[in-house]
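Have a look at the structure below before the remarks.
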Amino acid sequence: MNKLFPKLYKKDIYDIDYKDLYSRGFRAILFDIDNTLTTHGSKADRSNINFFKSLRDIGFKTCLISNNKEKRVSPFAKMVSSPYIYKANKPSKKGYLKAINILNVTKEQTLFVGDQIFTDIWGANNAGIYSILVDPISPKEEIQIVLKRYLERIVLFFYKIKEEKRKKR
C-alpha cells in the first residue's frame, strides 16, 4: 500500500512550496498534464506559461510525462517550454527514468506531480522519485478514470490515517 501513498498531498500545483523543495535539494520537476496542469485536452494558457517560467526562475528543470499521444503533449510542452515524454506508459518507471536522463539529474533531485494514484504516484514511487499528489482539476473524466477514482478514495482514506499518526509522533 505504501507504493500508492504520495510523499506529499496538496490541493493543486499552486499549493506546493517550490522554493522549499528547491532548498531541500530538488532540481527537477516532472509533471503529468491532464487534470494536473490543465483540464483534459486543454491547451496551455497564460497561467501555465507563467507557472513554468516561475519554476525556471527558482532554478528548476521540468519535463512533462504523459500517457497521451504526441499530438496532445507536444503543443502543450512547446507552449510552456518544457521537454516531454508522450505514451509514457505510466505507471511503468521507464518514462520517469527517461525524464531524469533528459534533464541530467538524479532520482534524489527529482520530484513528480500528478493527480492519479494508480498511474502517477505509483509510477513515481516505483521509480524512486519523490511523489506529490494533487486533486484533479475537473471531475469530467473518461469512464475508466472515474472508476479508478473510487479506489483512490480508499487509498487516500488510509493515507490520511497514516499521516495523522505520523503527525502525532
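With full-length UniProt numbering applied, the sequence shown corresponds to residues 1 to 169, in that order. Note that the Cβ used here is the ideal one computed from N, Cα and C, for glycine as well. Small disclaimer: the values here were computed from a predicted structure and weren't measured.
By the Cβ neighbour-count rule, ASP15 is exposed, with fewer than 16 other Cβ atoms within 10 Å of its own. Per DSSP, VAL134 is not a residue of any alpha helix (DSSP H); the beta strand (DSSP E) it occupies stretches across 130–134. About 13 Å separates the beta carbon of ARG24 from that of GLY59, a gap too long to meet the 8 Å contact definition. Exposure of PHE158 is indicated by the presence of fewer than 16 other C-beta atoms within 10 angstroms of its C-beta.
For VAL155, the CB contacts under 8 Å within the same chain, skipping 5 residues up- and downstream, are MET1, LEU4, PHE5 and ILE117 in chain order. By the criterion of at least three beta-carbon pairs nearer than 8 Å, the segment 42–50 is not in contact with the segment 92–110. Beta bridge pairing from DSSP links GLY114 with LEU133.
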